[in-house]
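Data first, discussion second: the structure below is written as C-alpha cells.
There are 2 protein chains.
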Amino acid sequence: MATQTRRERERAEREQLIVTTARELAEAEGWDAVTTRRLAAEIEYSQPVLYSHFKGKDAIMAAVVVQGCEEFAEELRAARMKAEGAQEVVVSVANAYAAFAERLPALYDAMFTHAVDLPFATPEAPAALKAAFGELVETVRPLAGEDELPVLTETFWSSLHGLVTLMRSGRLRREDHEVRLALLIRRFWS
Amino acid sequence: MATQTRRERERAEREQLIVTTARELAEAEGWDAVTTRRLAAEIEYSQPVLYSHFKGKDAIMAAVVVQGCEEFAEELRAARMKAEGAQEVVVSVANAYAAFAERLPALYDAMFTHAVDLPFATPEAPAALKAAFGELVETVRPLAGEDELPVLTETFWSSLHGLVTLMRSGRLRREDHEVRLALLIRRFWS
DNA sequence: CAGGTTTTCTAGCAGCGCTAGGAACGATGT
DNA sequence: ACATCGTTCCTAGCGCTGCTAGAAAACCTG
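Sequence order for the protein chains is A and B.
FYI, the UniProt record's numbering numbers position 42 of the first sequence as 42, with every residue one higher than the one before it.
FYI, the UniProt record's numbering numbers position 183 of the second sequence as 183, with every residue one higher than the one before it.
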C-alpha cells in the first residue's frame, strides 16, 4: 500500500532527474553529447531505464522543452511586470527574451530550432508553450493598433527569434546585438 | 598530357555530382537521409570516394551551402531588379526570400539553420554568401534613413529568417504567412 | 524463508561517420 | 606487345549511435 506510493514517488523523482540531467548536459556540452549511453551513465542507471520513462530520446528532449517553456514564460512575465508603459514593457520583454536565449542556448535551440515532436500553433499545444506565447501577446496588446493581435505577436516573435538564432549560429556579429534589438523595436513600435 | 586534363575534368564533374546529389537527396528525403553510404550509392561509387573529394560530411554540406547561396543571391537580385520604387522592391525581395525557403527548405536549413563550418559575418566569408547579403543591403539602402545600413539589413534579414524558420518547423500557422510578411514590411518600412 | 512480481541489467542489432590496406585499373617505357 | 609502375578505388573494419529482447537481480508478500 504505502510502498506503492513511495515507488511512484521515486519513479517520478527519477524521471525528473533524467530531464534535468539531459538539460544540464546539453547546456554544458551541447545536444550532441546527450547520447542515451551518456545520459544513462550520468543518472547512474543503465540505458533501458530511460526507455521505461520515455518513448525515446526525442521524448526526453520534448520533456526538456516543456519544462523550459515554463521557466521561459515566467521570465517573460517577470520582465513584463517590472516595466511600466507599453514601450518600456516591450523593451523589457525583448531583452528578457534575448537574455534567456543567450543564457540557455541549448535549451532555446531545443525549444525553437530543433525538430521536437510537439504540437505548437494548435489548441493541443502544451500549456507551458501557450503560456510563453501568451506573455508575448500581452506584451504586444497595448501596441497592436488595428492589426490582429495573434498575427502581430507571431511576427514580432519571429523577428526576435531570427535575431537570436542568427547571432548564436555565428551568422551575425555579436557586438551589434543591442543595436539590432533597439532598431527592431523602434522600427516595429513607433 | 591530355589525359591529365581529362582526368581533372572528370574529377571535377564527379565532385559536382556529389554536391548536386547531396542537395537533391536532402530536398527529397531530408538531411537525415543524406548518409555517406546512401550518398555513395546514389553516385554509384564507394564511400571512401567521398573522402577523396571532401574532408567529411560537413564539408559536403558546406559545398551545398555555397552553391545554394549563389542561386539564392541570383533570385534575390532578380526580384530586386524587376520591381520599381523602394517599397515595391522590398516587397518583391521579401517574397522572393520566403519563396526560396519554401521551395527549397532543406537547402535553406543548411544555409541558415544547421551549423555548417563556414565563416559568415567576416571578411573571409565565401563570395556567394556576401553576394546574397549584398542583395539584401541594396534592397534596404533606399529606406535606411539615418540608421546604419549593415546593421539595419541584418535586423530585417533576421525578421525574414525568423518568419520562415518558425513557420517551417511548425511553430507558426502556415495560412497566416502572407499576413505576417505584409505586417512585417509595413511595420518595418513606414 | 519461499513464491511471484516487478525492476534492472547484459548483450546485441542495424546503421552512423570515417579510415587503413590491398586489389584493380590505366598510362608509360622498353 | 608486354611488363612495370602509379594512381584510383573498393572491401572490411573501428567505435559510436538509438533502441530492444531476454536473462538476472531485487523486492514485496504470504
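Glycine included, each C-beta is placed from N, C-alpha and C at the ideal position.
Closer than 7 angstroms at the beta carbon, the chain A residues around residue i
i	result
Asp-147 of chain B	Leu-183
Proximal residues of chain A, C-beta to C-beta of residue i below 9 angstroms
i	result
Val-151 of chain B	Arg-173, Asp-176, Val-179, Arg-180, Leu-183
Closest residue to residue i among the options (Cα-Cα distance)
i	options	result
Ile-18 of chain A	A:Ala-132, A:Tyr-51, A:Glu-8	A:Tyr-51
Ala-101 of chain B	B:Glu-84, B:Gln-87, B:Glu-88, B:Glu-75	B:Glu-75
Leu-160 of chain B	B:Tyr-108, B:Ala-94, B:Ile-60	B:Ala-94
Ser-190 of chain A	A:His-177, A:Pro-142, A:Arg-171, A:Val-164	A:Pro-142
Lys-57 of chain A	A:Val-89, A:Ala-26, A:Val-140	A:Ala-26
Gly-145 of chain A	B:Ser-92, B:Asp-117, B:Leu-183, B:His-177	B:Leu-183
Ala-127 of chain B	B:Glu-138, B:Glu-70, B:Met-81	B:Glu-70
Arg-11 of chain B	B:Phe-120, B:Phe-54, B:Arg-80	B:Phe-54
Arg-80 of chain A	A:Thr-139, A:Leu-149, A:Val-64, A:Val-151	A:Thr-139
Leu-163 of chain B	A:Gln-16, A:Trp-157, A:Ala-41	A:Trp-157
Ala-41 of chain A	A:Ala-28, A:Trp-31, A:Ala-22	A:Ala-22
Gly-30 of chain B	B:Ala-106, B:Arg-180, B:Gln-87	B:Ala-106
Thr-122 of chain A	B:Val-90, B:Gly-170, B:Arg-186, B:Ala-132	B:Gly-170
Ile-185 of chain B	B:Pro-48, B:Val-137, B:Gln-87	B:Gln-87
Ile-60 of chain B	B:Ala-125, B:Thr-35, B:Ser-46	B:Thr-35
Ala-115 of chain A	A:Leu-39, A:Glu-44, A:Ala-62	A:Ala-62
Val-64 of chain B	B:Thr-20, B:Phe-112, B:Pro-119, B:Glu-178	B:Thr-20
Ile-43 of chain B	B:Val-90, B:Gln-16, B:Leu-166	B:Gln-16
Arg-168 of chain B	B:Ser-92, B:Asp-117, B:Phe-112	B:Phe-112
Asp-117 of chain B	B:Val-137, B:Val-66, B:Thr-165	B:Val-66
Asp-176 of chain A	B:Val-151, B:Val-89, B:Lys-130, B:Ala-83	B:Val-151
Asp-147 of chain B	A:Phe-120, A:Ser-92, A:Val-137, A:Arg-187	A:Arg-187
Val-89 of chain A	A:Thr-165, A:Glu-135, A:Leu-166, A:Leu-39	A:Glu-135
Val-137 of chain A	A:Glu-24, A:Arg-77, A:Val-49	A:Arg-77
Arg-173 of chain B	A:Pro-119, A:Val-91, A:Ala-131	A:Pro-119
Glu-178 of chain A	A:Lys-82, A:Ser-92, A:Ala-83	A:Ser-92
Contact set between residue i and chain B, taken where Cβ atoms lie within less than 8 angstroms
i	result
Phe-188 of chain A	Arg-187, Phe-188
Ala-121 of chain A	Gly-170, Arg-171, Leu-172, Arg-173
Amino acids of chain B, ordered along the chain, whose beta-carbon sits closer than 7 angstroms to that of residue i
i	result
Phe-100 of chain A	Result: empty, since nearest Cβ-Cβ is about 16 angstroms, beyond 7 angstroms.
Counted within 10 angstroms of its Cβ, other Cβ atoms place residue i as buried (16 or more) or exposed
i	result
Ala-96 of chain B	buried
Asp-109 of chain B	buried
Glu-13 of chain B	exposed
Tyr-33 of chain A	Tyr is not the amino acid found at residue 33 of chain A; the sequence shown has Ala there. Looking at its Cβ environment, which holds fewer than 16 other Cβ atoms inside 10 Å, Ala-33 of chain A is exposed.
Thr-153 of chain A	buried
residue 265 of chain B	As displayed, chain B neither begins before 1 nor continues past 190, which places residue 265 of chain B out of reach and without an answer.
Gly-68 of chain A	buried
Leu-149 of chain B	exposed
Arg-37 of chain B	exposed
Arg-103 of chain B	exposed
Thr-155 of chain A	buried
Arg-180 of chain A	buried
Glu-124 of chain A	exposed
Thr-5 of chain A	exposed
Ala-99 of chain B	exposed
Ser-46 of chain B	exposed
residue 248 of chain A	This structure does not reach residue 248 of chain A, given that chain A is present from 1 up to 190, and the question cannot be answered.
Ala-132 of chain B	buried
Next item on the list: Closer than 8 angstroms, Cβ to Cβ, to anything on chain B: give me those residues from the stretch 168–179 of chain A, in chain order.
Entry: Within the stretch 168–179 of chain A, the residues whose Cβ lies closer than 8 angstroms to some Cβ of chain B are Ser-169, Gly-170, Arg-171, Leu-172, Arg-173, Asp-176, Val-179, listed in chain order.
Margin query: Against chain A, which members of the stretch 106–118 of chain B pass a CB distance test of less than 8 angstroms?
Written below: Phe-112, Thr-113, Ala-115
Margin query: Please list, in chain order, the residues of the stretch 25–58 of chain A that have any C-beta partner in chain B closer than 8 angstroms.
Written below: none
Notebook entry, point to check: Taking a cut of 7 angstroms between CB atoms, which residues from the stretch 128–144 of chain A lie near chain B?
Noted result: none
Next item on the list: Identify each residue in the stretch 154–168 of chain B for which the Cβ-Cβ distance to at least one residue of chain A is less than 9 angstroms, and report them in chain order.
Entry: Those residues of the stretch 154–168 of chain B that come within reach of chain A (Cβ to Cβ, closer than 9 angstroms) are Glu-154, Thr-155, Phe-156, Trp-157, Ser-158, Ser-159, Leu-160, His-161, Gly-162, Leu-163, Val-164, Thr-165, Leu-166, Met-167.
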